[in-house]
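In this note's numbering, the protein residues as written are 109 to 352.
Structure (structure tokens):
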């Protein structure tokens, strides 16, 4: 009898794997986020001359967001352009003289190199002047204005935060064990607290890694219904559709 009891104690008990969670049984929370957003910072040390946008105002792609006082850079560009014109004229004359054998090849090569150097100076000065104006990289809305007109800033100082509020995505965390049931194209409904309305949505992509601590993974989706009233930061509950 003792031997039988010992054998029973040593026999391993099979552990049943926990089945994947069905997303229809989960109580998940989601948040709307802008796919495109950025913090605009200064690239130069200068005083702001143009900053007309306010929090919540819209702008078009390529529109001027911030302008700086750059009188010195403008003067340097004028000077470098004048130098370039002089060097190009010298090179042009030397080409004619070299054709008549009035100057040597070395003198012609030097004038050509000086013209190319002057052209490079113009390009450098133009690049410096281009940093005096910041254009919108995409169409969207101002999320926050940090700087003020006529304020002096340094390189790296934040100026304003912008986002594309027309390209929103739904983001939520789901248990990693539910991954087999979370597939691209799967439909779900999100009810946003701020507007007390429900919207049809679908999964567009699954996160690239699982958080080993919380055993969750990020899931992203898009709202199918047309909804102009939505804003980044809105949140709500998710309900998965059994038969999309």
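Built from N, CA and C at the ideal position, the CB exists for glycine as well.
Consult DSSP for residue i and reduce its assignment to one of helix, strand or coil.
| i | result |
| --- | --- |
| residue 164 | coil |
| residue 169 | coil |
| residue 75 | Residue 75 lies beyond the range of the chain shown here (109 to 352); nothing can be said about it. |
| residue 153 | coil |
| residue 325 | strand |
| residue 330 | strand |
| residue 352 | Interpretation of residue 352 is limited by its pLDDT of 43, a score under 50 that renders its predicted location unreliable; the figure taken from the coordinates is listed afterwards. Reduced to three states, the DSSP call for residue 352 is coil. |
| residue 239 | coil |
| residue 124 | Confidence at residue 124 is low in this model, with a pLDDT of 41, below 50, so the placement of that residue is unreliable and no value is reported for it. |
| residue 336 | coil |
| residue 115 | Only weak support is given to the placement of residue 115: the predicted model assigns it a pLDDT of 41, under 50, and the value that follows is read from those uncertain coordinates. Residue 115: helix per DSSP, three-state reduction. |
| residue 110 | Note that residue 110 scores a pLDDT of 48, beneath 50, so its modelled location is shaky; the value from the coordinates is reported in the next line. It is helical. |
Inspect the beta-carbon positions of residue i and residue j and report whether they are closer than 8 Å.
| i | j | result |
| --- | --- | --- |
| residue 136 | residue 340 | no |
| residue 314 | residue 294 | no |
| residue 173 | residue 152 | no |
| residue 254 | residue 271 | no |
| residue 298 | residue 306 | yes |
| residue 106 | residue 216 | As displayed, the chain neither begins before 109 nor continues past 352, which places residue 106 out of reach and without an answer. |
| residue 300 | residue 343 | yes |
| residue 370 | residue 230 | Only positions 109 to 352 of the chain appear in this structure, which leaves residue 370 out of reach. |
| residue 257 | residue 159 | yes |
| residue 241 | residue 282 | no |
| residue 261 | residue 157 | no |
| residue 304 | residue 329 | no |
| residue 195 | residue 235 | no |
| residue 296 | residue 252 | no |
| residue 192 | residue 226 | yes |
| residue 284 | residue 331 | no |
Residues bridged to residue i by DSSP?
| i | result |
| --- | --- |
| residue 303 | DSSP, once it has assigned bridges, lists no residue as partnering residue 303. |
| residue 341 | Its beta-bridge partners do not exist; DSSP assigns none. |
| residue 297 | 308, 347 |
| residue 139 | 279, 343 |
| residue 248 | 167 |
| residue 319 | 324 |
Is it the case that the CB of residue i approaches a heavy atom of the ligand FAD more closely than 7 Å?
| i | result |
| --- | --- |
| residue 271 | With respect to small molecules bound, the structure shown includes none, and the ligand FAD cannot be examined in it. |
Next on the checklist: As an exercise, report each continuous beta strand (DSSP E) stretch of at least 3 residues that is fully enclosed by the segment 255 to 295, in chain order.
Outcome noted: 266 to 271, 276 to 283
Item to check | Runs of beta strand (DSSP E) lying entirely within the segment 172 to 237, each at least 3 residues, in chain order | outcome: 172 to 176
Checklist entry - Counting pairs of beta carbons, one from the segment 163 to 175 and one from the segment 236 to 255, are three or more of them closer than 8 Å? => result yes
Checklist entry - Would you call the segment 276 to 284 and the segment 203 to 223 touching, i.e. three or more CB-CB distances under 8 Å? => result no
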